[in-house]
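The next block holds one structure in the form of structure tokens; read it before the comments.
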Amino acid sequence: MPVAVIDGQPLHYVDQGSGPVVLLGSSYLWDRDMWSPQIEALSQQYRVIVPELWGHGESGQLPAQTHSLDDLARQTLALLDQLDIAHINLVGLSVGGMWGARLALLAPERVNSLVLMDTYLGAEPEATRQYYFSLFKMIEDAGAIPEPLLDVIAPIFFRPGIDRESALYQDFRKQLQGYSKERLLRSIVPLGRLIFSREDVLAQLPRLDADTTLVMCGEQDKPRPPAESEEMAGLIGCSLILIPQAGHISARENPDFVNEALLTFLANHA
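In the numbering used here, the protein residues as written are 16 to 285.
The following block contains the structure:
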């Protein structure tokens, strides 16, 4: 995998295919494999770039100067500058959408189109924030994700009816289990705190281009329920697509539906 040095740390990314650039922003706790079906489908006619979040996959630890989601947006722009890429079509899921929308607000001239998937640009509701912070504290104290916690965290990302013996579920659970103490304490937990204490930028959403923005959400997304996506699509004035048979990681739970929706949208806007 190619690597760029950003803010003093190695940022690993996928760079596959050729044509207009589609940049895929991943969810927290997922590496590039989250987008496997999309990389395969989109790279037939687009140049697909997938940066791995700090502390995820092969990327280095969270740089010291990363304090907010705006910093993640700035770091992604720095990657595009290093790759000499002027314009992108940005598809961001979960935290990928949170920093993705901020990037589009920060540098609208760089973004031809924007897809916000299973994400929310408001602040984290206080009760949820406190809950996630309590999980981070348990992980810090243990220096690992304790076994009982694996069965609390893993299901959050999928529709309630997922087969927990499926490869998709089991592979993700194993990945959570495999994080080293150093990675958890230096990157995963601090990044999580940064995500869940984010500022509310809903008031800025009307600045996004309604014609070149699309909101998508898994019908059964628990952490980012469809009501949040409906609210954002209303503020932007853009279309909303609900993804059947999918929870939070809709790109993996219903990849055929997601691929078709993305290819249709990109055909009109990329």
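Every residue gets a Cβ at the ideal spot worked out from N, C-alpha and C, and that includes glycine. Nothing here was measured: the structure is a model prediction, and the numbers come from that model.
Residue i (DSSP reduced to helix, strand or coil)
i    : result
G207 : helix
I251 : helix
A218 : helix
L257 : strand
L38  : strand
H27  : strand
A276 : helix
A19  : strand
L229 : strand
N283 : helix
D271 : helix
E243 : helix
M189 : Checking the displayed sequence, the identity of residue 189 turns out to be Lys instead of Met. Helix.
S265 : helix
Y184 : helix
S202 : helix
K196 : helix
Nearest-angstrom Cβ-Cβ length linking residue i and residue j, presumed shorter than 8 Å
i    : j    : result
L39  : V106 : 5 Å
G70  : P25  : With a Cβ gap of about 11 Å, G70 and P25 do not count as contacting.
A182 : P52  : Contact flag wrong, Cβ pair sits at about 13 Å.
D22  : T91  : That belief does not hold up - the Cβ atoms of D22 and T91 are roughly 11 Å apart, past 8 Å.
E144 : A169 : This sequence places Arg at residue 144; Glu is not what is there. Incorrect: roughly 20 Å between the Cβ atoms, too far for contact.
M132 : C232 : 7 Å
S41  : L120 : In fact, because the Cβ distance is near 20 Å, the residues do not count as touching under 8 Å.
R201 : L77  : 7 Å
R179 : Q235 : With a Cβ gap of about 15 Å, R179 and Q235 do not count as contacting.
Closest residue to residue i among the options (Cα-Cα distance)
i    : options                   : result
L54  : L77, M132 and V29         : Correcting the residue identity first, residue 54 is Ile in this sequence and not Leu. Of the listed residues, the one whose Cα sits closest to I54 is V29.
Y147 : R198, G176, F211 and T91  : F211
L98  : G249, G158, V18 and S181  : V18
L199 : L129, P221, F151 and E214 : F151
M16  : W114, H102 and H27        : H27
L84  : L95, E73, L136 and R144   : L136
D226 : A101, L129, G34 and L95   : L129
E155 : N269, G249, I203 and I177 : I203
K196 : P270, A159, E246 and A79  : A159
Q59  : Q185, P123, G32 and D178  : G32
P205 : V36, L121 and A79         : A79
L57  : V36, W45, L77 and E67     : V36
C253 : T228, W45 and P140        : T228
Y194 : P123, I177, E162 and A218 : E162
I256 : P123, T134 and V110       : T134
V216 : L209, Q190 and M247       : M247
E214 : A122, F272, A157 and D86  : D86
A101 : G111, V110, P123 and E245 : P123
G115 : S149, L220 and A142       : L220
G72  : F280, Q190 and E243       : Q190
Sub-8 Å separation of residue i and residue j beta-carbons
i    : j    : result
G207 : Y43  : yes
A88  : R117 : yes
A282 : Y61  : no
L277 : I251 : no
M49  : I258 : no
I103 : L95  : yes
Q260 : N269 : yes
V20  : R47  : no
I171 : P238 : yes
L164 : Q192 : no
For this session: With a floor of 4 residues, list each alpha helix (DSSP H) that falls wholly inside the stretch 70-143, ordered by position along the chain.
Result: The stretch 70-143 contains these whole alpha helix (DSSP H) runs: 84-97 and 110-121.
For this session: Entirely within the stretch 44-68 and at least 4 residues each: give me those alpha helix (DSSP H) ranges in chain order.
Result: You should have 51-57.
For this session: Could I get the ranges of all uninterrupted alpha helix (DSSP H) runs contained in the stretch 137-179, with 4 residues as the minimum, in chain order?
Result: Within the stretch 137-179, the complete alpha helix (DSSP H) runs of at least 4 residues are 141-157 and 162-168.
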